[in-house]
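In the working numbering, the protein residues as written are 36 to 259. Everything below concerns the one structure shown next.
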């Protein structure tokens with residue numbers, strides 16, 4: 036999925052704010068949730084809506100400007116290293132073009148850019164989701180060698196079973212698809228993924244239902 040497809044899926048404009056995106060997602064999620072829509076038993080449209088929301092959330096202008104937080108070895112919360120979502124690593128060189136040029140040309144509807152945009156999106160998506168970082172030079176999903184001892188839980192009062200946590204960290208979270216009521220999400224193994232992937236799953240939950248804490252220091256990592 037690319038930006039154009041995500042915007043079309045949520046039926047919003049390209050200049051929509053993050054609040055507009057969240058509002059559109061929640062409205063459509065409620066409308067197409069398998070529990071409430073008989074024609075959506077397989078949840079195909081619901082998953083598509085969730086994927087669109089997660090894409091826009093991760094790749095919004097605000098996220099690009101503020102950068103992605105990457106957990107480092109030196110501290111379990113206070114020393115997050117700011118890492119650009121689409122940039123090269125420190126001292127690295129981005130192939131071909133600067134990403135800001137891509138976002139600007141996308142708004143202008145350049146067809147040549149559109150082809151390059153899709154090509155680069157999938158290249159960088161693969162680099163981000165591969166835990167070993169070998170799919171590309173950005174190593175967006177690389178985890179620190181020393182992992183904190185995490186406490187991970189799901190707030191049952193907030194969980195709406197949107198499935199995003201399982202999509203991102205399937206070895207940590209599971210969705211009970213046989214249940215006809217919420218909460219459907221649960222933690223099956225808090226050590227099933229590294230801190231970066233778990234935090235990513237927590238941050239994409241639209242209701243902030245995922246709790247992440249440092250089990251040793253009792254420090255709350257998410258929600259803040």
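C-beta: ideal position from N, C-alpha, C; glycine also. Being a predicted model, the structure only gives us computed values, none of them experimental.
Collapsed DSSP secondary structure at residue i in the structure displayed
| i | result |
| --- | --- |
| residue 54 | helix |
| residue 43 | helix |
| residue 233 | helix |
| residue 249 | strand |
| residue 255 | strand |
| residue 63 | helix |
| residue 185 | strand |
| residue 215 | coil |
| residue 242 | coil |
Residue span of the beta strand (DSSP E) that contains residue i, given as start and end
| i | result |
| --- | --- |
| residue 199 | Run containing residue 199: none in the beta strand (DSSP E); it sits in the alpha helix (DSSP H), 199-203. |
| residue 209 | 208-210 |
7 Å Cβ cutoff met for residue i and residue j
| i | j | result |
| --- | --- | --- |
| residue 196 | residue 226 | no |
| residue 45 | residue 64 | no |
| residue 183 | residue 224 | no |
| residue 193 | residue 244 | yes |
| residue 47 | residue 54 | no |
| residue 239 | residue 37 | no |
| residue 228 | residue 247 | no |
| residue 221 | residue 189 | yes |
Delimiting residues of the alpha helix (DSSP H) encompassing residue i
| i | result |
| --- | --- |
| residue 86 | 79-94 |
For residue i, the residue or residues it bridges with in DSSP
| i | result |
| --- | --- |
| residue 220 | 210 |
**Message:** Any contact between the region 75-89 and the region 198-207? By contact I mean 3 or more CB pairs, one from each, below 8 Å.
**Reply:** With contact defined as three or more Cβ pairs closer than 8 Å, the region 75-89 and the region 198-207 are in contact.
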